[in-house]
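With my numbering applied, the sequence shown covers 55 to 328.
Backbone N, C-alpha and C fix where the C-beta goes; we use that ideal spot for every residue, glycine too.
First comes the structure, then the notes that go with it.
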Amino acid sequence: MSSSYSTSALALLLFFLFISSLHAFNITEILQERSEFSTFNDLLSKYKIAGQINRRKTITVLAVDNGAASYLSNLSEDEAKAKLSLHVILDYYGIRKLVGLKKSTLLTTLYQTSGEAGGDNEGFINVTVLRSGDVAFGPGAPDSVLNSNLMKSVYSQPYDLSVLQVSSVIGSSNSTAPSFAPLSAPTRAPPPPEAEAPADEESPAEAPSEETSPSDAPAPSPDDSSPLEATSPTDDDSPPAADDYEEGSASGTAPGVASFMVTVFWALLMLVVR
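Written as structure tokens, this is what we have:
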């Protein structure tokens, strides 16, 4: 009897370990494979933000390359930590989901949970889909400009972790991207749903262009939710497949792991019953 209980307990332990591993990720290891984000990655570890990201179940990281991240190296510790925390959104956002916002929206960031964010929406960032279809980011404070643009998807583990590259540090003064005021007053996004996989989430679309088009560009049709290409525009109206821009996508791997875990669990359970 004691042996049966021990085997049953071991089976359950293995099953829950496998289940928990489905949602595990390590932002440091993911960015280590991409040398262009080494400065940003080092700063996440230095200010202990990487650990906070890894403990979250659903998160989006807005990464900047080494050139843009050099701005953070010149700030004080408190300022750099606050800026980095603004680059961590407390929900999963692929490119398609961001473009689908279709208006100025305030998204909650890790800085909001720090207890150091003041009034005027300091712990939020403003995400605006421009008339060109590009996605721009700026601080959540009123009258702040949109100084950073969405460039591409770096890594995706639906619907747990999304790593997107943006052109510059949000709210930085040395941005090379054109600055725009929001097209409309931002609205605050609702709290993240309890479900891990929203029913309306689709595969991320291709990334928008690095340069933001002027605000007087023609407005996209209501049914068009795909951003512009990551490279310079062409005359071809047929965009390439979205998978071309999902460089580190982990989609397609989880179902196989889950099936293996269930098989192991039932095999151990049948062993106990016998």
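Phe191 and Tyr101 have their C-alpha atoms spaced approximately 23 Å apart.
Taking C-beta separations shorter than 7 Å and ignoring five residues to either side along the sequence, the partners of Val115 in its chain run Ile81, Ile107, His141, Val142, Val217, following chain order. For Lys157 and Glu131, the gap between their C-alpha atoms comes out near 33 Å. Distance check between Ser198 and each of Leu138, Glu176, Gly172, Ser210 places Glu176 closest, using alpha-carbon atoms only.
In the structure shown, Ser222 adopts coil according to DSSP, grouped into three states. Per DSSP, the unbroken alpha helix (DSSP H) holding Val153 starts and ends at 149 to 153. Under the three-state reduction of DSSP, Asn128 is assigned to coil, being neither helix nor strand.
By the C-beta density criterion, Asp174 is exposed, having fewer than 16 other C-beta atoms within 10 angstroms. In this structure, the CA atom of Leu85 is about 20 Å from the CA atom of Ser202.
For Ala104, the enclosing alpha helix (DSSP H) covers residues 103 to 108. Going by beta carbons, Gln219 and Asp96 fall outside the 8 Å limit. Arg150 is classed as buried because its beta carbon has at least 16 other beta carbons within 10 Å across all chains shown. Apart from the 5 residues on each side of it in sequence, Ile103 sits with its Cβ closer than 6 Å to the Cβ of Leu138 in its chain, given in chain order. The alpha carbon of Leu144 has as its nearest neighbour, out of Ile179, Ile224, Ala122, Ser99, the alpha carbon of Ile179.
Only residues of its own chain outside the window of five on either side were considered, and among them Leu160, Asn175, Phe178, Ile179, Asn180 have a CB closer than 6 Å to the CB of Gly194, listed in chain order. Apart from the 5 residues on each side of it in sequence, Phe79 sits with its Cβ closer than 7 Å to the Cβ of Asn108, Gln211, Asp214, Leu215 in its chain, given in chain order. The shortest C-alpha to C-alpha distance from Ala117 to any of Lys111, Gln166, Ser89, Arg110 is the one to Ser89. Excluding the 5 residues flanking it on each side, Leu152 has same chain C-beta neighbours closer than 7 Å at Val181, Val189, Leu204, in chain order. Of the residues assessed, Ser186 falls on the buried side of the cut-off, its CB having 16 or more other CB atoms within 10 angstroms. Taking the CA atoms as reference points, Ser222 sits about 20 Å from Ile113.
In the three-state scheme derived from DSSP, where H, G and I count as helix and E and B as strand, Lys137 is classed as helix.
DSSP, read as helix, strand or coil, puts Ser227 in coil. Residue burial is scored here from C-beta neighbours: Gly172 has fewer than 16 other C-beta atoms within 10 angstroms and is therefore classed as exposed.
Shown here, Lys156 sits in coil according to DSSP, grouped into three states, outside any helix or strand. Taking all protein chains in view, the Cβ of Lys206 is crowded by 16 or more other Cβ atoms within 10 Å, so the residue is classified as buried.
With contacts defined by Cβ atoms closer than 8 Å, Ala134 and Leu126 form a contacting pair.
Within the model, the alpha-carbon separation for Ser92 versus Glu83 is close to 11 Å.
Residue burial is scored here from C-beta neighbours: Gly169 has fewer than 16 other C-beta atoms within 10 angstroms and is therefore classed as exposed. For Asn180, the enclosing beta strand (DSSP E) has its first and last residue at 178 to 183.
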